[in-house]
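Visitor:
Number of protein chains: 2
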Amino acid sequence: MKIGLIQLNPVIGDFASNGRVIKEWAAKAVAQGAELLVFPELALCGYPPQDYLEHPEFIRQQNLLLQELIDAIQDVPVLLGAFTENPSRQGKRLFNAGILFHRGEVLFTSHKKLLPTYDVFDEQRYFEPGRTSQFLQLGGKNIGITICEDLFNDPDIYPEQLYKTDPIGLLHDEDELDFMINIAASPYTLGKDKTRIRDFGSICRKYQTPLLYCNQVGAQDSLLFDGGSFVLDQTGALCGQAASFQEGLLLVDTDRLVKMDVAPTSDLQQVYDALVMGTRDYVRKCGFSKAIVGLSGGIDSALTCAIGCDALGAENILGVTLPSPYSSQGSVADSLALAQNLGITCHTLPIADIFAAFKTGLAPFFGDREDDVTEQNLQARSRGVLLMALANKFGSLLLTTGNKSELAVGYCTLYGDMSGALAVISDVPKMLVYELARYINRAEETIPLNTIDKPPSAELAPAQTDQDDLPPYHILDPILAAYLEEHLPISAIVEQGFAEAVVEDIVRRIKINEYKRKQGAMGLKVTSKAFGFGRRYPNAQGFRE
Amino acid sequence: MKIGLIQLNPVIGDFASNGRVIKEWAAKAVAQGAELLVFPELALCGYPPQDYLEHPEFIRQQNLLLQELIDAIQDVPVLLGAFTENPSRQGKRLFNAGILFHRGEVLFTSHKKLLPTYDVFDEQRYFEPGRTSQFLQLGGKNIGITICEDLFNDPDIYPEQLYKTDPIGLLHDEDELDFMINIAASPYTLGKDKTRIRDFGSICRKYQTPLLYCNQVGAQDSLLFDGGSFVLDQTGALCGQAASFQEGLLLVDTDRLVKMDVAPTSDLQQVYDALVMGTRDYVRKCGFSKAIVGLSGGIDSALTCAIGCDALGAENILGVTLPSPYSSQGSVADSLALAQNLGITCHTLPIADIFAAFKTGLAPFFGDREDDVTEQNLQARSRGVLLMALANKFGSLLLTTGNKSELAVGYCTLYGDMSGALAVISDVPKMLVYELARYINRAEETIPLNTIDKPPSAELAPAQTDQDDLPPYHILDPILAAYLEEHLPISAIVEQGFAEAVVEDIVRRIKINEYKRKQGAMGLKVTSKAFGFGRRYPNAQGFRE
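Protein chains in written order, with our numbering: chain D, 1 to 545; chain X, 1001 to 1545.
#1: Since Phe1083 (chain X) is in the beta strand (DSSP E), which residue starts that stretch and which ends it?
#2: Please list the partners that Thr374 (chain D) has in chain X, where partner means a Cβ-to-Cβ separation under 7 angstroms.
#3: Select from the region 106-136 of chain D all residues with a C-beta closer than 8 angstroms to any C-beta belonging to chain X, and list them in chain order.
#4: Just the chain X side, please: which residues come within less than 7 angstroms of Tyr515 (chain D) by C-beta, in chain order?
#5: Taking just the CA atoms, how far does Pro1010 (chain X) sit from Gln1241 (chain X)?
#6: Please tell me whether Lys1285 (chain X) has its Cβ less than 7 angstroms away from any Cβ of chain D.
#7: What did DSSP end up calling Thr132 (chain D) once you bin it into helix, strand or coil?
#8: Going straight from the alpha carbon of Asp1166 (chain X) to that of Ile1145 (chain X), what length do you get?
#9: Measure how close the beta-carbons of Tyr1188 (chain X) and Ala1274 (chain X) come, nearest whole angstrom, since I'm counting them as under 8 angstroms.
#10: Compute the distance between the beta-carbons of Ala1302 (chain X) and Leu1338 (chain X), then report whether it is under 7 angstroms.
#11: State the CB to CB distance for the pair Asp190 (chain D) and Val252 (chain D), rounded to an integer number of angstroms; the pair is presumed to be in contact (CB under 8 angstroms).
#12: Quick one, which of X:Asp1119, X:Ala1097, X:Lys1092 and X:Asn1096 has its alpha-carbon nearest Leu115 (chain D)'s?
#13: Would you call the region 258-266 of chain D and the region 178-185 of chain D touching, i.e. three or more CB-CB distances under 8 angstroms?
#14: For the putative contact between Thr401 (chain D) and Asp427 (chain D), defined by C-beta atoms under 8 angstroms, what is the C-beta separation to the nearest angstrom?
#15: Could you name the residues of chain X that Glu545 (chain D) contacts, counting a contact when the two beta carbons are closer than 7 angstroms?
#16: Would you call the region 307-324 of chain D and the region 40-60 of chain D in contact, with 3 or more CB pairs under 8 angstroms?
#17: Could you list which residues in chain D have their beta carbon closer than 7 angstroms to that of Glu1160 (chain X), in chain order?
#18: So the beta strand (DSSP E) Met1277 (chain X) belongs to, where does it begin and stop?
#19: Alpha carbon to alpha carbon, how far is Gly1236 (chain X) from His111 (chain D)?
#20: Specify whether the region 395-410 of chain D and the region 425-445 of chain D touch according to this definition: at least 3 beta carbon pairs, one from each stretch, less than 8 angstroms apart.
#21: Pairing CB atoms from the region 363-378 of chain D with CB atoms from the region 390-397 of chain D, are three or more of them under 8 angstroms?
#22: Less than 7 angstroms between CB atoms is the rule here; does Phe498 (chain D) satisfy it with respect to chain X?
#23: How far does the alpha helix (DSSP H) with Asp253 (chain D) in it extend, from its first residue to its last?
#24: Could you tell me the alpha carbon to alpha carbon distance between Ala1363 (chain X) and Ser1328 (chain X), rounded to whole angstroms?
#25: Tell me, please, which residues DSSP counts as bridged to Pro187 (chain D).
#26: Is DSSP giving Tyr1473 (chain X) helix, strand or coil here?
#27: Going by DSSP, what residues sit across from Asn1182 (chain X) in a beta bridge?
#28: Any beta-carbon of chain X closer than 7 angstroms to the one on Leu362 (chain D)?
#29: How about Pro1099 (chain X) and Pro1049 (chain X): do their beta carbons lie closer than 7 angstroms?
#30: How is the beta strand (DSSP E) around His347 (chain D) delimited, first residue to last?
#31: Give me the chain D residues within the contact set of Gly1523 (chain X), using Cβ-Cβ distance strictly less than 7 angstroms, ordered along the chain.
#32: Between the C-alpha atoms of Tyr1213 (chain X) and Leu1177 (chain X), what's the straight-line distance to the nearest angstrom?
#33: Please name the residue in D:His55, D:Ile6 and D:Ser17 whose C-alpha comes closest to that of Glu35 (chain D).
#34: Just to make sure I have the definition right: I need the residues of chain D whose C-beta is within less than 8 angstroms of the C-beta of Ile1354 (chain X). Which are they?
#35: Take Thr109 (chain D) and list the residues in its own chain whose beta-carbon comes closer than 6 angstroms to its own, dropping the five residues that flank it on each side.
#36: Along chain X, in chain order, which residues have C-beta atoms closer than 7 angstroms to that of Lys164 (chain D)?
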């Protein structure tokens, strides 16, 4: 059977546009000989629709589009993800469903059984878990249809199971399967493209059954869906894969699966492509085309700016350098060199007079108190106001440049350098920032070497460097990963060879800066635990470790 | 049986302090003759602990405190809320439990069956639903022990049930009960104090069984737990109630329930007290004691300032008036009058020079473009920077003054008037702001009448008023409530008598301002649907209604 896996990049709730794109892809796939079309999880409304699922009008419009597609695509059967209404008065009102239709009729509906409710996922907020069979006969084939998380509870693969049932096991109890199809909306995180193939390959081998995996692509706010839809044969070998980070069609002949020999994409390239797609889709889906980046001469703003150029085109990026009385000569020179390498316009807008006006206004109240972090924040906020004014006046979005390491410990100014629409690298730890800068420079020097090599500094006080206040990043970053991603207690982190006082101080800073991050710009998620709505902690708390 | 219901105000994760307070209240209740002590849901760690529940160290410390209390309180049995670990490798790792201990031993553990996962609640993120019995025999009494949401699924009371089981029905199937106890962490919303007694009273009548209800008190970030613990007899009549919005003990003799005749507290008083408690607890639990309020001469900042004074004491509130070139004379005069009435210090800090410095800096880039919202934002942001500088220098928190109506439609400036630690009235619609101002003035004129009577204005452009840009608030507010709280489609709101173009414009504004609210200060929740983490919508979306 020839099956077209179509990895779609929908816009949440844009039923008109999503429907049009689905019809276009359907026509292409049919023209190429597909006998069954497969679209991802919740393809009609996009994933995740969040609380729009509580709006009757949203439900009505999805159902209208579904009926429109059932009527419009008649040539071949279509399997797609959509929510359906729970007819019972008990339980959540919706199911997360896979629907198969053909010749104007729905032939089959299966409901997602495992509803992820952790990290960025809130599915039990909206959906009732499915209890119906996921087994389908079509064109003489026995097919198991599951939805994303349904693949993730095999007791032989996962030492702890989040759920009490294993849908794959249940399916194989029902009958001999010719192959499985999984429709998904699975966001990218570092290395996940490889673990998917490894883990799902184990399932294929265990049941001696091929798997066709159709994943959403495109960014939705923080979430970066990588697509990369694939087919594995009954030994778990990769026999075909769509490109990552772009819409596309993968045509699979289930009767002729041939193992392909490809080198996997490097993690650096994957994470870079993810950030570029995330920036492009956020700006575009919010209805903008241009962006502004404040350039400090440092590596964070240089990386952000390079990503912005790849996402939107250099002609749509405006760099602004805003030297203060404490800025080094190098900071402006390095920014201008970067702008030249990238081919962007760069303005210079000194903040000394504005900083002075603030100090003059506050002088009657501050008296002869010594300068402290207040004056550093005043500079960062003067810049934030100027950048936002340029964004407002010219209809651009401001890209924020902070990295994950500084956001974790609060080495950033709320309403200052944290201002902006999108925090492009807020989930990229500083050591990975360096790696990505070198990745960008792999062919030629785009990010000035001086920017990469000089000691990092906020330049908000005379001769300041980050390491006046923070441990070196090669020490900070692994401590942050251990605490934030693995939830290790301080004692276990110290056992890894870090000084207890350092670990304690970092953990303390992470906690007391929760309020800053809650008001920070939305960031693109590339690690297993990003700041943002997938990480939920109180501001007011008294937990001492 | 004499039962002490102790409504506790814990701090999330502050096990040392929470344990100390529990022991103090236990001693008081025993001294007053209590034969059973009852503490609220998750009393040891506070509710909601959020992702701290994923930290092994957090779990360890709670379990240590539980053991310490089991050893320390030996005189009478104690029932309290705590999480317990799920011994199975399948399902979520924790249960939300009620634990009864006496003489050094745990006698009974029951698990919460219904796990709210909607609005501000995320319990299925952390907990496995309970399947054990909630039936307990103690001191010759048959007692049903349920936890908060377990009370909320009676098919005779709720037309739609969110869950498939009704724990109260299951309990009464087991045996004849003498009374029920519910331990809760149920946050206040407008009118909820009355619906609780009404709905739970129906359950008492249905089963002819009294109910003792012990609720958490105190604010935890956005959530305002009102306490108001009570006892209802088997007819559903109120026979005793603890005060709202303060820690306290309600001693109940279950053999002598006598109906009490009390006038219910007015909704205005309840919501005012809720906001005062919310402000006090947020500032205190974050380790601060002082706050700053920017005074515009308008009613929002006046109400916020009055709440701040009741919460922290006038001596801990600093008012700041920041006139711009477009401010009316009245705005400073009204602010100073308010400050005098409240007995607070008030600084005046004109922003003209700072505004001019920004305009001068930007002039080379803005050229001869006309003034637009950019220049309005520059003024609001100049104020935001100054207020934050005062807060930074003097170790205060800045209270934000925006109301729900303007936040809904984006009539506010990100990084400007939206700056601050806590948005005191961000869930108070403008019409309720007026009612609360009159409530404050019920005995004497605290908020100047001129502030209440003048047309609302942001004063960011010559002769500007809110109604240049927005419908009158008595029209805006009901449209917002219909859309935000009831999820009504535009057509249904129009059927209520509002102009279609007005409704469409408001709904459009709500959507395009999602990004502003996501970066706004945390607000206190007093309605059934507040902006913040209980309302989850994408920034990038294309839903057209």
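Backbone N, C-alpha and C fix where the C-beta goes; we use that ideal spot for every residue, glycine too. A quick note: this is a predicted structure, and the numbers were derived from the prediction, not measured.
Guide: Working from what's here:
#1: Residue 1083 (chain X) sits at position 83 when you count from the first residue of the second sequence. Taken as a continuous stretch (DSSP letters only), the beta strand (DSSP E) holding Phe1083 (chain X) covers Val1078 to Glu1085.
#2: The sequence position of residue 374 (chain D) within the first sequence is 374, counting from 1. Neighbours of Thr374 (chain D) across chain X, judged by C-beta separation under 7 angstroms: Ala1389, Asn1392 and Lys1393.
#3: Listed by position, the residues of the region 106-136 of chain D near chain X (Cβ gap below 8 angstroms) are Thr117, Tyr118, Asp122, Gln124 and Arg125.
#4: Mapped onto the first sequence, residue 515 (chain D) falls at position 515. Close partners of Tyr515 (chain D) in chain X (Cβ separation under 7 angstroms): Ala1421.
#5: Residue mapping note: residue 1241 (chain X) aligns to position 241 of the second sequence, counting from 1. Residue mapping note: residue 1010 (chain X) aligns to position 10 of the second sequence, counting from 1. Here the alpha carbon of Gln1241 (chain X) sits roughly 20 angstroms from the alpha carbon of Pro1010 (chain X).
#6: Counting from 1 along the second sequence, the entry for residue 1285 (chain X) is found at position 285. It does; some Cβ of chain D falls within 7 angstroms.
#7: Translated into positions along the first sequence, residue 132 (chain D) becomes position 132. The answer is coil: DSSP assigns Thr132 (chain D) none of H, G, I, E or B.
#8: As a working note, residue 1166 (chain X) is residue 166 in the second sequence. As a working note, residue 1145 (chain X) is residue 145 in the second sequence. Their backbone Cα atoms lie some 13 angstroms apart in a straight line.
#9: Translated into the one-based positions of the second sequence, residue 1188 (chain X) becomes position 188. Translated into the one-based positions of the second sequence, residue 1274 (chain X) becomes position 274. The beta carbons of Tyr1188 (chain X) and Ala1274 (chain X) sit about 5 angstroms from each other, so the pair counts as a contact at 8 angstroms.
#10: As a first step, residue 1302 (chain X) must be located in the second sequence, where it is residue number 302. As a first step, residue 1338 (chain X) must be located in the second sequence, where it is residue number 338. Yes, these two residues count as a Cβ contact at 7 angstroms.
#11: Counting from one through the first sequence, the residue named residue 190 (chain D) turns up at place 190. Counting from one through the first sequence, the residue named residue 252 (chain D) turns up at place 252. Reading off the sequence shown, one finds Leu at residue 190 (chain D), where the question assumed Asp. Rounded, the Cβ-Cβ distance is 27 angstroms, inconsistent with contact.
#12: The sequence position of residue 115 (chain D) within the first sequence is 115, counting from 1. Closest by alpha carbon: X:Lys1092.
#13: Counting C-beta pairs with one atom in each stretch, the region 258-266 of chain D and the region 178-185 of chain D have fewer than three that are closer than 8 angstroms, which means they do not touch.
#14: In the first sequence, counting from the first residue as 1, residue 401 (chain D) sits at position 401. In the first sequence, counting from the first residue as 1, residue 427 (chain D) sits at position 427. Here Thr401 (chain D) is actually not in contact with Asp427 (chain D); their C-beta atoms are around 13 angstroms apart, not less than 8 angstroms.
#15: For the purposes of this step, residue 545 (chain D) is taken as residue 545 along the first sequence, with counting starting at 1. Residues of chain X passing the Cβ test: Glu1057.
#16: Flag = no, the region 307-324 of chain D and the region 40-60 of chain D do not touch.
#17: Sequence index remark: in the second sequence, residue 1160 (chain X) carries index 160 (1-based). Per Cβ cutoff of 7 angstroms: Arg89.
#18: The sequence position of residue 1277 (chain X) within the second sequence is 277, counting from 1. Going by DSSP, Met1277 (chain X) is part of no beta strand (DSSP E) but of the alpha helix (DSSP H) stretching over Asp1267 to Lys1285.
#19: Residue 1236 (chain X) sits at position 236 when you count from the first residue of the second sequence. Residue 111 (chain D) sits at position 111 when you count from the first residue of the first sequence. Gly1236 (chain X) and His111 (chain D) have their C-alpha atoms roughly 41 angstroms apart.
#20: Using a C-beta cut-off of 8 angstroms, the region 395-410 of chain D makes contact with the region 425-445 of chain D, since at least three inter-stretch Cβ pairs fall below that distance.
#21: Three or more beta-carbon pairs separated by less than 8 angstroms are not found between the region 363-378 of chain D and the region 390-397 of chain D, which leaves the two stretches without contact.
#22: In the first sequence, counting from the first residue as 1, residue 498 (chain D) sits at position 498. Interface with chain X (7 angstroms Cβ-Cβ cutoff): Phe498 (chain D) is excluded.
#23: Here residue 253 (chain D) corresponds to residue number 253 of the first sequence, with the count starting at 1. Unbroken run through Asp253 (chain D) is the beta strand (DSSP E), Gly248 to Asp253; no alpha helix (DSSP H).
#24: As a first step, residue 1363 (chain X) must be located in the second sequence, where it is residue number 363. As a first step, residue 1328 (chain X) must be located in the second sequence, where it is residue number 328. One Cα belongs to Ala1363 (chain X), the other to Ser1328 (chain X), and the distance between them is close to 26 angstroms.
#25: Numbered from 1 along the first sequence, position 187 holds the residue referred to as residue 187 (chain D). Pro187 (chain D) is bridged to D:Phe225.
#26: Locating residue 1473 (chain X) in the second sequence gives position 473, where the first residue counts as 1. Residue state, collapsed to three classes: helix.
#27: What you label residue 1182 (chain X) is simply residue 182 of the second sequence in a count that begins at 1. DSSP lists X:Thr1146 and X:Tyr1213 as partners of Asn1182 (chain X).
#28: Start at 1 with the first residue of the first sequence, and residue 362 (chain D) comes out as number 362. So, interface residue.
#29: Locating residue 1099 (chain X) in the second sequence gives position 99, counting from the first residue. Locating residue 1049 (chain X) in the second sequence gives position 49, counting from the first residue. The amino acid at residue 1099 (chain X) is misidentified as Pro; the sequence shows Ile. Pro1049 (chain X) sits away from Ile1099 (chain X), with the two beta carbons spaced by 7 angstroms or more.
#30: Position 347 of the first sequence, counted from the start, is the residue given in the question as residue 347 (chain D). It spans Thr345 to Thr348 - the beta strand (DSSP E) in which His347 (chain D) sits, taken as one unbroken run.
#31: Numbered from its first residue, the second sequence carries residue 1523 (chain X) at position 523. The premise fails here: Gly1523 (chain X) is roughly 11 angstroms from chain D at the closest Cβ pair, so nothing lies under 7 angstroms.
#32: Residue 1213 (chain X) sits at position 213 when you count from the first residue of the second sequence. Residue 1177 (chain X) sits at position 177 when you count from the first residue of the second sequence. One C-alpha to the other measures close to 15 angstroms.
#33: Start at 1 with the first residue of the first sequence, and residue 35 (chain D) comes out as number 35. Nearest C-alpha to Glu35 (chain D) among D:His55, D:Ile6 and D:Ser17: D:Ile6.
#34: Along the second sequence, read from residue 1 onward, the residue named residue 1354 (chain X) stands at position 354. Within chain D, the residues near Ile1354 (chain X) are Ile354, Ala357, Phe358 and Gly361.
#35: As a working note, residue 109 (chain D) is residue 109 in the first sequence. So the qualifying residues of the chain are Ala97 and Ile99.
#36: For this step, residue 164 (chain D) is matched to residue 164 along the first sequence. Against chain X, a Cβ distance below 7 angstroms from Lys164 (chain D) picks out Gln1090 and Gly1091.
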